[in-house]
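Working notes, beginning with the structure itself.
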Amino acid sequence: MKIVVIGGGAAGLGVAGAAKGQDPSVETVVYTEFEDVAYSPCGIPFVHGKEIDSFERLFLATKEQYVQQGIDVHYETTVESIDLKSKSIQVKGEGWVTYDRLVLATGWDYATPDVPGTDLEGIYHVKNIRAAMEWDKYLDTVRQAVVVESGPIAMEMVSALRHRGIEVTLVDPGPWPMADVIDPDIVEPVRADWEADGVDLRFNEKVTGFVGKGGKLTHATTSFGDVPCQLAVIGSHKVANAGLARAAGIKLGSTGGIAVDPQMRTSDPHVYAAGDCAEIPHGVSNVPLQGLSGSHAYAQGKTAGINAAGGRRTHNPVYVPWGMLAGQWMIGGVSFGETLATALGLPFVTGVANGITRARYYPGVKPITVKLLVDPRSRRLIGAQMVGGEGIKERADFLGIVARTGVPIDTLATMENVYSPAIGALNEPIAMAAQAAVAKL
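With the UniProt record's numbering as the guide, the letters of the sequence shown map in order to residues 1 to 441.
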């Protein structure tokens, strides 16, 4: 059997590795338009900010290791079209290539603002690691930068640019950072720290264009006036890179991502899709989602690879535990906050607790706020949001399982927790927040 994969990110390499694990005799061929595969784009802002000392640390494996695993990767190669009837793809420079199973892992693109001047030198989309290496040198020449919208990577880039001593103006049409995901009370410590660090925060405003001289960016035009800058970081939301699928007649979903079943199979029985190009149902609302994290993409790729190679695996609806570092704060959660749950018309009761991450007397103790959203009828957790100095990732993972398995809020309110001065306080903030929700119920 020959499995062809289009895309070399977390999903694409997850497909190839899982297919080989399921059936070592399977021939796996990966096509990518980039110079590399399987690196972490999420780590790029931290190299720019000097927290990580080298871009090389972001690579998961060497090219030789993929050869040793029997995975044939075609770098800097463009797939131009798909012919479902003949089960073949047209590859630039190679002609038509046949497959037994095809997996689309074509990833995502930024929703680039539809404004003049986006072709100027100085407009930066944080994604490709080789381009980032060149941009890192360019940052040494930048005095002023504009960050356009506060998507997750853009949030990290604000801090990275400030670490480099660059003046930053954040322009966002929302009323607060990541307003479509995070509640204002949870993100407020981040906003306050940015303001104290000299970031010019412009919410409820828009970039209307980019202006340059000699092909180089000199300033951005905005709804509040001109902003001098030599760099503009595009931080808009992800859109599915589904053009090949659309042109081939493969069904797309409501998000613009490729529609798949629980086995990651598309509308064509010989074609699978995984990662940011696909859409997955949410476990609470059943609303399709697209553009999740690298861990989601990798898990989807493994499911698609196992099934394409003759195995049987089901990908569950997602509850989306998430987390990130923004300045000195960790923020994260599960599924919905109040803003999004209200927009979707979901009934909920909240429980909020302010706690600490270690014993109050132990060095390095950090504050943490936990907000839980509970369905008042089923008494199940439907969402959570958190902000703190540490411990957000582990709590988000735990609460993701709580939401997925339907643990009642009453059980969460009486949960056992580790108490050790160096790693955990006497009162667990999750339990405290659950108790607050139970009191309301």
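Beta carbons: idealized from backbone N, C-alpha and C, even for Gly.
Query, Result
"Straight-line CA distance for F224 to V260?", "43 angstroms"
"Looking at the secondary structure, which residues open and close the alpha helix (DSSP H) in which T339 lies?", "338-343"
"Can you tell which of T369, V190, V239 has its C-alpha closest to the C-alpha of A396?", "T369"
"With 16 as the cutoff for other CB atoms within 10 Å, does L441 come out buried or exposed?", "exposed"
"Would you decide whether K20 is buried or exposed? Buried here means 16 or more other CB atoms lie within 10 Å of its CB.", "buried"
"Below 8 angstroms CB to CB, which residues in the same chain sit around W329 once its five sequence neighbours on both sides are set aside?", "P189, V190, D193, V387, G388, G389"
"Enumerate in chain order the residues of its own chain whose CB-to-CB distance from Y298 is below 6 angstroms, with the five nearest sequence positions on each side excluded.", "A10, G14"
"Tell me the rounded alpha-carbon separation between T342 and Q290.", "20 angstroms"
"Using only CA atoms, which one of G70, R380, G391, V349 lies nearest to P429?", "G391"
"At what residues does the beta strand (DSSP E) containing residue 446 begin and finish?", "Residue 446 cannot be examined here, being either before or after the span of the chain that is shown, 1 to 441."
"On a Cα-Cα basis, can you pick out the residue from C229, A220, G122, E279 that is closest to A242?", "E279"
"When you compare each of A154, S335, S254 to V181 by their alpha carbons, which one comes out closest?", "S335"
"Where does the unbroken beta strand (DSSP E) through Y110 begin, and where does it stop?", "108-110"
"Any heavy atom of the ligand SAH closer than 7 angstroms to the Cβ of L381?", "Of the ligands one can find in the structure shown there are none, so the ligand SAH has no counterpart to examine."
"Look at the alpha carbon of T98 and the alpha carbon of S285, and state the distance between them as a whole number of angstroms.", "39 angstroms"
"Under three-state DSSP, which class holds P228?", "strand"
"Do L170 and A187 have their beta-carbon atoms positioned less than 8 angstroms apart in this structure?", "Residue identity differs from the one stated: residue 187 is Val in this sequence, not Ala. No, they are not a contact pair."
"Can at least three beta-carbon pairs, one atom from the segment 228-239 and one from the segment 142-153, be found at a separation below 8 angstroms?", "yes"
"Assuming H245 and I258 form a contact by the criterion Cβ under 8 angstroms, report the distance between their Cβ atoms to the nearest whole angstrom.", "In the sequence as displayed, the identity of residue 245 is Ala instead of His. Sure, about 5 angstroms apart at Cβ, within 8 angstroms."
"For V199, tell me which candidate among E35, F210, K371, P177 has the shortest Cα-Cα distance.", "P177"
"Between V239, F398, P269, L120, which lies nearest to G332 when the distance is taken from Cα to Cα?", "F398"
"Pick from Q230, G174, D197, C277: whose alpha carbon is nearest that of T106?", "C277"
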